[in-house]
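Have a look at the structure below, then the notes.
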Amino acid sequence: MQIIAILALTALAWLIWQLIKAKRFSRFKQKIEDELKDKVIASIIDELEESRCDIFPNSDCHKEASIFYWTQYKSRILHAALQREIITEQWLKDSGNLRNAQHLFYIEKRFLL
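Okay, so the sequence shown: first residue is 477 according to this note's numbering, each after it adds one.
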């Protein structure tokens, strides 16, 4: 009887730990949306305006398409932020979100280039 109780408590503790990890991951995804998305959009607009020329006019349609592409999924927002050095890998380590970033890239790998 005691073995069953120990197994039940162990299973319950494991489920609670999984819930905590899931909540941290959800908060990380929300943080990407709240903090990084606007910075990525501003960076995309600046980049397109700086590279404007006769060959690449970068009109409003180009800007909208680029913004739509890069902000459609959380993994793309994170990828763009890392690529444009809005955040660094060290920031991910310091904030404790490196594992969450790896998991996000894994589950949304079909949306990345």
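Each residue gets a CB set at the ideal place from its N, CA and C atoms; glycine is no exception.
Nothing here was measured: the structure is a model prediction, and the numbers come from that model.
Spatially closest choice to residue i from the options, by CA coordinates
i	options	result
Leu580	Ile496, Ile563, Leu554 and Gln478	Leu554
Leu574	Arg586, Leu558, Leu588 and Ala489	Leu558
Glu509	Tyr549, Pro533 and Lys539	Tyr549
Ser551	Gln478, Ser527 and Asn576	Asn576
Arg560	Glu584, Ile480, Lys515 and Ser502	Lys515
Phe504	Trp567, Glu526, Ile517 and Ile482	Trp567
Asp522	Ile531, Ser535 and Glu511	Ser535
Gly572	Lys497, Ile492, Ala484 and Glu525	Lys497
Extent of the continuous alpha helix (DSSP H) to which residue i belongs
i	result
Cys537	Asp536 to Thr547
Ile422	Nothing can be reported for residue 422, as the shown portion of the chain is limited to 477 through 589.
Thr486	Gln478 to Lys507
Ile520	Lys513 to Glu526
Asp510	Looking at the DSSP string, Asp510 is not in any alpha helix (DSSP H), and its letter there is neither H nor E.
Ile553	Lys550 to Gln559
Leu568	Glu565 to Asp570
Cβ distance (whole Å) where residue i is taken to contact residue j below 8 Å
i	j	result
Ile520	Ile543	6 Å
Thr547	Lys513	6 Å
Lys539	Leu524	6 Å
Proximity test, Cβ basis, 7 Å: residue i and chain D
i	result
Asp522	As a matter of chain content, chain D is missing from the structure shown, which is built from one protein chain.
Rounded C-alpha distance that separates residue i from residue j
i	j	result
Glu511	Leu483	42 Å
Asp570	Glu584	23 Å
Arg500	Ile531	45 Å
Gln578	Ala518	25 Å
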